[in-house]
Amino acid sequence: MKSLYKSAEGKRAVLGLYDEQLSRIGYPFEDVYVDTAFGRTHVVVTGDPEAVPLLSFHGGNSTTAHNLITSPFLLRGDFRVFAVDTIGHPGKSDEACLPPSGYAYGEWAAQVIDALGFARMRCIGGSFGAGILAKLMCAAPGKVERAVLFVPSGIKNAPVWHSMSMMGPMVMYLLTRREEWFVKTLLPMAGAPDVIDAETLATAKATIDHAKVKAGMPTDVDPERMAACTAPTLVMAGDADRLFPAARVLPQAEAIIPNVTCRLMRGRAHMGALTAEQEREIVGFLKG
Numbered sequence: 003m004k005s006l007y008k009s010a011e012g013k014r015a016v017l018g019l020y021d022e023q024l025s026r027i028g029y030p031f032e033d034v035y036v037d038t039a040f041g042r043t044h045v046v047v048t049g050d051p052e053a054v055p056l057l058s059f060h061g062g063n064s065t066t067a068h069n070l071i072t073s074p075f076l077l078r079g080d081f082r083v084f085a086v087d088t089i090g091h092p093g094k095s096d097e098a099c100l101p102p103s104g105y106a107y108g109e110w111a112a113q114v115i116d117a118l119g120f121a122r123m124r125c126i127g128g129s130f131g132a133g134i135l136a137k138l139m140c141a142a143p144g145k146v147e148r149a150v151l152f153v154p155s156g157i158k159n160a161p162v163w164h165s166m167s168m169m170g171p172m173v174m175y176l177l178t179r180r181e182e183w184f185v186k187t188l189l190p191m192a193g194a195p196d197v198i199d200a201e202t203l204a205t206a207k208a209t210i211d212h213a214k215v216k217a218g219m220p221t222d223v224d225p226e227r228m229a230a231c232t233a234p235t236l237v238m239a240g241d242a243d244r245l246f247p248a249a250r251v252l253p254q255a256e257a258i259i260p261n262v263t264c265r266l267m268r269g270r271a272h273m274g275a276l277t278a279e280q281e282r283e284i285v286g287f288l289k290g
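This is the structure:
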């Protein structure tokens, strides 16, 4: 199996940042490894052991450590968080890459739930992670108790040309290694430079510098398969998101998800922190 990292030194750099970020989440955690037919999967378990179990999927070409350090609202006592490293992405799961089309990611996620010892779980995912959750809702609808998908792939993705403006700055960054070009690469997703926080910049740079980036997002799910999932579902999309714009995502979510609540995030691009109000809604929805 080919490594997803460009070098052994690069892998050490990515995992060094991972461990450093995880050490700063401010809550005790444990590392759990589970076996699936797709490969060994790493899960960070944290939060109140007596609280509601919550399975969390991170964004693409990112890590669970970044997800946890930028989502502290999930760790404040409402949930026992099971934050999974997506297989084939930077992190501590196996490096076998799954196809973005089809339902392999959903089947993998269902096997993770089984291996953790649950019949079903409440789930949250953003961006690529929301696409994995959408695939799970189709592949094994009974495994999902409640679901939150924000800035989600897999519902109605924008055409690939919407993100082509990232390519020029990316080429310039790879040629010069100047950070200003890297920031310009992220601007189409962020909307403004001040949206790109230090943790996200460090994680994204580590991935670009040291890993083989996977550009393909989870493809749109089949409406007929999604119709089988009756779990209460919250879908949140931004009207300034070039990858998964609200104007495409929310009408499709209303049409294909049986038990859905849709929220428009005004002024929101793909990247950025959730507002306090949005965080409260997510927590309340997941707790039911």
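Okay, so the sequence shown: first residue is 3 according to the numbering used here, each after it adds one.
In this text, a Cβ means the ideal position worked out from N, Cα and C, and glycines have one as well.
Model, not experiment: these values are computed from the prediction.
If you scan the stretch 192–269 from start to end, which runs of the alpha helix (DSSP H) of 4 or more residues do you find wholly inside it? Whole alpha helix (DSSP H) segments, 4+ residues: 200–212, 225–228, 248–258.
Cβ-Cβ separation, Gly269 to Asp241 (assumed contact under 8 Å), whole Å: In the sequence shown, counting from the first residue as 1, residue 241 sits at position 239. In the sequence shown, counting from the first residue as 1, residue 269 sits at position 267. Rounded, the Cβ-Cβ distance is 7 Å, consistent with contact.
When burial is assigned at 16 or more other CB atoms within 10 Å of the CB, is Thr178 buried or exposed? Here residue 178 is taken as the residue at index 176 of the sequence shown, counted from 1. Only exposed fits Thr178, as fewer than 16 other CB atoms lie within 10 angstroms of its CB.
So Cys140 and Val251 are supposed to be a Cβ contact under 8 Å. How far apart are they, rounded? As a first step, residue 140 must be located in the sequence shown, where it is residue number 138. As a first step, residue 251 must be located in the sequence shown, where it is residue number 249. Actually they do not touch by this definition, with Cβ atoms about 16 Å apart.
If you run the structure through DSSP and keep just helix, strand and coil, what is Asp33? Along the sequence shown, read from residue 1 onward, the residue named residue 33 stands at position 31. In the displayed model, Asp33 falls within a strand according to three-state DSSP.
Reduced DSSP secondary structure (H/G/I, E/B, other) of Val114: Your numbering for residue 114 matches position 112 in the sequence shown. In the structure shown, the three-state DSSP call for Val114 is helix.
Between the CA atoms of Glu97 and Arg265 - distance to the nearest angstrom: Along the sequence shown, one-based indexing puts residue 265 at 263. Along the sequence shown, one-based indexing puts residue 97 at 95. Answer to the nearest angstrom: the Cα atoms are 35 Å apart.
Three-state secondary structure assigned by DSSP to Leu100: For this step, residue 100 is matched to residue 98 along the sequence shown. In the structure shown, Leu100 adopts coil according to DSSP, grouped into three states.
In the structure shown, what three-state DSSP assignment does Ala132 receive? What you label residue 132 is simply residue 130 of the sequence shown in a count that begins at 1. Ala132 sits in a helix when the DSSP states are folded into three classes.
Using only the alpha-carbon positions, how far apart do Asp21 and Ile71 sit? For this step, residue 21 is matched to residue 19 along the sequence shown. For this step, residue 71 is matched to residue 69 along the sequence shown. Cα-Cα distance, rounded: 11 Å.
Closest by C-alpha distance to Leu276, when choosing among Thr263, Thr187, Val153: Sequence index remark: in the sequence shown, residue 276 carries index 274 (1-based). The residue from Thr263, Thr187, Val153 with its alpha-carbon nearest to that of Leu276 is Val153.
With 16 other Cβ atoms within 10 Å as the buried cut-off, status of Pro225: Position 223 of the sequence shown, counting from 1, holds the residue named residue 225. Its Cβ having fewer than 16 others within 10 Å, Pro225 is exposed.
Below 8 Å, how does it come out for the stretch 196–215 and the stretch 129–137: are there three or more Cβ pairs, yes or no? Not touching, per the Cβ criterion.
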